[in-house]
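Student: Taken in order, these protein sequences are the chains called A and B. Read in order, the letters of the first sequence are residues -13 to 635 in my numbering. Read in order, the letters of the second sequence are residues 4 to 354 in my numbering. Ideal Cβ positions, reconstructed from N, Cα and C, are used throughout, including at glycine.
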Amino acid sequence: MPTVLYSVRPRSAGADNVSSHPPVNDLAIRVGTVNGSGSQSANLVLLRAINGMGIPCSGKNVFPSNIEGLPTWFHIRASGRGYVAHRLDTPVLVCMNEQTAADDVRQLRPGSLCFFRSDFKEDLAKLRDDITFFPVPFAPLAEEAFPPVPTDKGYRDKLRKVVNMVYVGVVATACGIEMEEVRTAIRREFPGRKAKAAEINILAAEAGAAWAAANLPMDLPFKVERLDVTTGQVLIEGNKAAALGVLFGGASVLTWYPITPSSSLAEYAEGYLKAHRTLPDGKRTFSVIQAEDELAAVGMAVGAGWAGARSITATSGPGISLMTEFVGLAYFAEIPVVIVDVQRMGPSTGLPTRTNQGDVVKLHYLGHGDCRQIVLIPGSVAECFAFTIEALDLAQDLQTPIFVATDLDLGMNLWLSEPFAYPEKPLSRGKVLDAKALDELGQFERYRDVDGDGVCYRTLPGTEHPLAAYFTRGTGHNEKSGYSERPEDWKRNLDRLALKLNGARAKLPAPVAEHDVGAKIGLIAYGSTHPAMTEARDLLRECGILSGYCRLRALPVSEEVSAFVGKYERVYVVEQNRDGQVCSLLRSSLEGTLDDRLISVTHYNGTPIAAENITNPILNWERTFSEHTTLTNGTGLPGESARGGDSSE
Amino acid sequence: MARDDTAVLVESPGRTTSLPTLAFQGLPSTLCKGCGHNSITSALIDACKSVGLDPYYTIKISGIGCSSKTPAYFLQYSHGFNALHGRMPSVATGALVANRTLTCIGVSGDGDTANIGLGQFKHACRRNVPVVYLIENNGCYGLTKGQFSATSDLHAHLRREAGEENVIPPFDLCLEAIAAGATYVARSFAGDRKQLLPLLKGALRHGGTAVLDIISPCVTFNDFSSSTKSWDWAKAHEEPIQEIGFVRQLPEIEVEQEAGTTTRVRLHDGSWITLRALSHSEHEVTNRAGAMRFLVESQERGEFLTGLMYVNPDRPDFVGLQEMCETPLSQLSDGDLRPQPDVLREIMAGI
Ligand SMILES: Cc1ncc(C[n+]2csc(CCOP(=O)(O)OP(=O)(O)O)c2C)c(N)n1
Ligand code: SF4
Ligand SMILES: [Mg+2]
């Protein structure tokens, strides 16, 4: 067994010497501002300008649960290698918020650049001597670009926002972001009637750029260059993608109750439905209801699904708790409904604006008694779109609640994607009998497994036929949906539901597996962890570690996962929750002794997962293994979690 | 209207059919003999037949409780859904937007509505969801064996004459309904079939939230002589405030002829409710503030007044407010539900 000494390739900003220039197009910018100060537009302009240069990029908003006044950060990443996951070390820091500036500076790696407001009371430059500091007169520059308008009572407030556009110009010039793209992005951010605001903001950005050109060294180390590899791609949040899924999945009833980070999904969807599902006479082919709570939201969705609508509701963890009773009922009564869970951190107060994958296994077992729910787990914005559509169809096909589990990172942050593909399949209508079919059959029993696949036929209210009606109930029921407490009826039903679930596996999005030839370790992940996994595998390769990778896309897990695990000596299951929920689920469901091979790698501090959150613990484990002589399955490997994921932060 | 024992003429928009009487019946009741809920079921069946309700376009939705079991005992040609405790209103709301052609009978109990379900009850009233909302009110939890509910009277006794005393005053569900925005609010008594029938008929033809708070004795847990929800007390103390009639879509002129001492209210579908005051002739059923004052005062006097308390046939109902197309959402074609590829292309180009 070769022993490899592993070390992670130092990141660009990690170089000891500032003058050793990192490669172009490997940029990360962190902007610290105050919530509600209008910085969001400035951040989006920076991101869009980079996107306009065709460089793969992503933007992440790390924001507080607050409307105005608390600190907020925006992370922009540009990567010629296509990495769009969160990055822990940002070599370019912009400090607009004195409250957090010192702390932000302390977190920088040596060699980083820091732009800060020259009017801060504290001189940040005194904090460290291994960082290059640039105090920038943001306020005077902004006022120069946007001189006081005596007649405008809102001037001060506008100026406060315009200041942000100055840092756009400064950073653009420092990092080689093209000003023409900045101008285009600003015009995009302030379209139509806001054209005047656009021009003021362009002046502000230009003022920043001019200041930077005059005052900054030309050879700053962190640069981007036009790449044009993302032409045609769109920047979109997962919630907007899922909202388009609601539109193109043919959803007809959408119910919801506001909760971050799912609210924007429902709001986008309502906008799209109004725009594209209103008939020429002004009448709608949908209904959107903002319910009084999540209990009512899901109750309405269940009622609508029962009566034949394609119904969907969106929420987050605390809302899922309130929905639990209805989910249990819908599972047993076999009612189609789709529930999107945009996961967030902790309990109802918790960290509502931070991301997490802590609901996945709860969703899978949600309900009472013997429940196993189907959970689709998109790993990209394109999958947020496609899986929402798929969920609406699966709910009809399988007559059961279907969950779509995304999270705040995927749902509320901007991701690059190819334009979404128009769905190929027609809408699924499931096994529904109309009056004519009832006439032909001459009989109907709601819960009889006629086809042997566990999925029975149903009828909808409003069917003009004496055989159509049945009484839907959560109580024990026989095949005719009659009340029954007979043990054999209850068991038959449960067994049929198990058969239905088993048959569903083949219809769910299959895992996506990739193998490096010669790899000894496997990696399993799901959801928004995917972009960081791609990068982590490259970093591991650079350390001499080849890997296979299996991305789960649905629960219950497919049988292919056993085959995947069987190929490797060790398999790391990477997820964004403390206890390695899916790892535990796999341990209990893999064939034979394959469970011995699983090692849990977790990240759970609320920030989006970064490649290092994956590589660090894996490298630690791999070092441990390389110190032993033979490493084969069942040799008493440490089996429990390598909870080192967050230790570095 | 029952023509004879076997056929009932039903009318739905656009069609008239004849259905056998058994379409309106259900399975035999499994409730206790003498339970008030059974009397309500039987009145409901007659009311449905009498207004020519189309069972194929009717849904029965209930919460959980003895009362909520009753949808199995009527309208067997109608789809039914025994849902969750206190959550009938949300299921009804969803089903009604899914298929706007449906009429919904919602069955609930006092625990189901006044306790666990108060929130959904009030929000349904606030939205004016078109549901016939029956509260079979026995002042206790029948199904879980007699505990107090939020309509148990102050000083009521638990389960028997000498049972523990309730020290918290009740909700008046008619008052709560009117305050929340319900548009047809009545109180009745399971033993007063004469009054219950026209009230039910009117509710079935009203196009908004029609709340009927029906005192319905629980013979097993709350039928002792001091209980205000017992058969004997209710019979002895019930004071119908009006003599109520229901007139099905008569030409205006015929209703006119009944004028005089009678108040008439034209319902959504053109039927009429006629009211002749028996007592409290000053009570105007269309006056919301007056109705609330009337209820508060009668409660303070400890009276058991029954009748139509409030009606407002003009407020638009929730389903109408959704601005949905004529075709029920449940029956839309792929073409109506999924926009064309160029729409996706345009949206993508705009992002
Ligand atoms: C969430 C939940 N909690 C508790 C129960 C137990 N439970 C069943 S019926 C009932 C009370 C029913 O009282 P009421 O609505 O007055 O109906 P009644 O039986 O008196 O007709 C309760 C508490 C339940 N089914 N669900
Ligand atoms: S327990 Fe009471 S409410 Fe329930 S069926 Fe018996 S009498 Fe009716
Ligand atoms: Mg009761």
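If I follow the unbroken beta strand (DSSP E) through A/Leu400, where does it start and stop?
Tutor: Note, A/Leu400: beta strand (DSSP E), Leu400 to Ser403.
Student: In chain B, which residues lie less than 8 angstroms from A/Phe272 when you measure between Cβ atoms?
Tutor: Chain B residues near A/Phe272: Met327 and Leu332.
Student: With respect to the beta strand (DSSP E) encompassing B/Leu215, which residues constitute its N-terminal and C-terminal limits?
Tutor: Note, B/Leu215: beta strand (DSSP E), Ala213 to Ile218.
Student: Compute the Euclidean distance between the alpha carbons of A/Ala603 and A/Val559, then round it to the nearest angstrom.
Tutor: Position check: residue 603 of chain A holds Pro in this sequence, whereas Ala was assumed. About 11 angstroms.
Student: Within 10 angstroms of its Cβ, does B/Ala352 collect 16 or more other Cβ (buried), or is it exposed?
Tutor: Exposed, by the Cβ-count rule.
Student: Starting from the beta carbon of A/Ile222, find every residue of chain B whose beta carbon is closer than 7 angstroms, and list them in chain order.
Tutor: Chain B residues near A/Ile222: Ile354.
Student: Which stretch, first to last residue, makes up the alpha helix (DSSP H) that contains B/Asp337?
Tutor: That run of the alpha helix (DSSP H) goes Asp337 to Leu340.
Student: Relative to ligand 3, is the shortest distance from any of its heavy atoms to the C-beta of B/Asn141 smaller than 7 angstroms?
Tutor: Flag set: Cβ of B/Asn141 near ligand 3.
Student: Along the segment 89 to 115 of chain B, where does the CB come closer than 7 angstroms to a CB of chain A? Name the residues.
Tutor: The residues in question are Arg90, Ser93, Val94, Ala95, Thr96, Gly97, Ala98, Val100, Ala101, Asn102, Thr104 and Leu105.
Student: What separation, rounded to the nearest whole angstrom, lies between the Cα atoms of B/Ser21 and B/Leu298?
Tutor: Computed Cα separation, rounded: 42 angstroms.
Student: Between B/Met312 and chain A, is any beta-carbon pair separated by less than 8 angstroms?
Tutor: Chain A, which has no Cβ nearer than 8 angstroms to the Cβ of B/Met312, makes this no.
Student: So, at 6 angstroms on beta carbons, what are the nonlocal neighbours of B/Thr231 in its own chain, with the 5 sequence-adjacent residues on each side left out?
Tutor: Cβ within range, chain order: Asp156.
Student: Using the rule of at least 16 other Cβ atoms within 10 Å of the residue's Cβ for burial, across every protein chain shown, is B/Ser284 buried or exposed?
Tutor: It is exposed - the Cβ of B/Ser284 has fewer than 16 other Cβ atoms within 10 Å.
Student: Should B/Asp113 be listed as close to ligand 1, given that the test is whether its C-beta is under 7 angstroms from any heavy atom?
Tutor: For ligand 1, at least one heavy atom lies less than 7 angstroms from the Cβ of B/Asp113.
Student: Should A/Glu223 and A/Asn29 be called a contact, given that it needs their Cβ atoms to be closer than 8 angstroms?
Tutor: Taking 8 angstroms as the Cβ cut-off, A/Glu223 and A/Asn29 do not qualify as a contacting pair.
Student: What residues of chain B sit near A/Met151, judged by a beta carbon separation below 7 angstroms?
Tutor: Correct list: empty, because the minimum Cβ distance to chain B is about 23 angstroms.
Student: Between the C-alpha atoms of A/Glu376 and A/Leu525, what's the straight-line distance to the nearest angstrom?
Tutor: So the alpha carbons of these two residues sit roughly 34 angstroms apart.
Student: Looking at the unbroken beta strand (DSSP E) that takes in A/Lys46, where does it start and where does it end?
Tutor: Cys43 to Val48 is the extent of the beta strand (DSSP E) around A/Lys46.
Student: Quick test of your reading: B/Phe174 and B/Ala213, contact by CB under 8 angstroms. State the CB separation rounded to the nearest angstrom.
Tutor: No, B/Phe174 and B/Ala213 are not in contact; Cβ-Cβ is about 19 angstroms, not under 8 angstroms.
Student: Establish whether the CB of B/Phe84 and some CB of chain D are separated by less than 8 angstroms.
Tutor: Among the chains of the structure shown, chain D does not appear; the protein chains present are A and B.
Student: Counting only C-beta atoms, is B/Ala159 closer than 8 angstroms to chain A at any point?
Tutor: No, B/Ala159 lies away from the interface with chain A (no Cβ there is under 8 angstroms from its Cβ).
Student: Looking at B/Ser219: is its Cβ nearer than 8 angstroms to the Cβ of B/Ala185?
Tutor: Contact: no.
Student: Which residue's Cα is closest to the Cα of B/Gly243: B/Thr309, B/Thr223 and B/Arg190?
Tutor: Note on residue identity: the sequence assigns Pro, not Gly, to residue 243 of chain B. The shortest C-alpha separation from B/Pro243 is found at B/Thr309.
Student: Is there a Cβ from chain B that is less than 8 angstroms from the Cβ of A/Trp292?
Tutor: Yes, A/Trp292 counts as interfacial toward chain B.
Student: What does the Cβ neighbour count give for B/Asp356, buried or exposed, with the cut at 16 atoms within 10 Å?
Tutor: The shown model of chain B, from 4 to 354, leaves out residue 356 of chain B, and the question about it has no answer.
Student: Assuming contact is defined by CB atoms lying nearer than 8 angstroms, are A/Thr520 and A/Ile595 in contact in what I supplied?
Tutor: No, they are not a contact pair.
Student: Could you tell me which chain A residues have their CB closer than 9 angstroms to the CB of B/Gln252, listed as they occur along the chain?
Tutor: In chain order: nothing, as chain A lies at least about 22 angstroms away.
Student: Counting C-beta neighbours from all protein chains within 10 Å, is the total for A/Ile53 16 or more, i.e. buried, or is it exposed?
Tutor: That one is exposed.
Student: For my contact list, A/Ser155 and A/Ala198 are in at a C-beta cut-off of 8 angstroms; report their separation, rounded to the angstrom.
Tutor: Per the sequence shown, the amino acid found at residue 155 of chain A is Gly instead of Ser. About 7 angstroms separates the two Cβ atoms, so the contact holds.
Student: Note down, one range per segment and in chain order, each alpha helix (DSSP H) of at least 4 residues found wholly within the segment 152 to 235 of chain A.
Tutor: Counting whole runs of 4 or more residues, the segment 152 to 235 of chain A contains the alpha helix (DSSP H) stretches 165 to 175, 181 to 201 and 224 to 234.
Student: Report the option in A/Arg432, A/Asn606 and A/Arg459 whose CA atom is closest to the CA atom of A/Cys529.
Tutor: Here the closest residue by C-alpha is A/Asn606.
Student: Hey, how far is the Cα of A/Leu79 from the Cα of A/Ser98?
Tutor: If I take the Cα positions, the gap works out to 8 angstroms.
Student: Might you give, ordered along the chain, the residues of its own chain that have their beta carbon closer than 7 angstroms to the beta carbon of A/Asp648, omitting 5 neighbours on each side?
Tutor: The structure shown does not extend to residue 648 of chain A, since chain A is modelled only from -13 to 635, so the question has no answer here.
Student: Taking only beta-carbon atoms, is A/Arg459 less than 8 angstroms away from chain B?
Tutor: Output row for A/Arg459: interface = yes.
Student: Is it buried or exposed, A/Ala597, if we count other Cβ atoms within 10 angstroms and call 16 or more buried?
Tutor: So A/Ala597 counts as buried.
Student: May I ask which residues mark the beginning and end of the alpha helix (DSSP H) holding A/Glu130?
Tutor: Segment Phe124 to Ala131, the alpha helix (DSSP H) holding A/Glu130.
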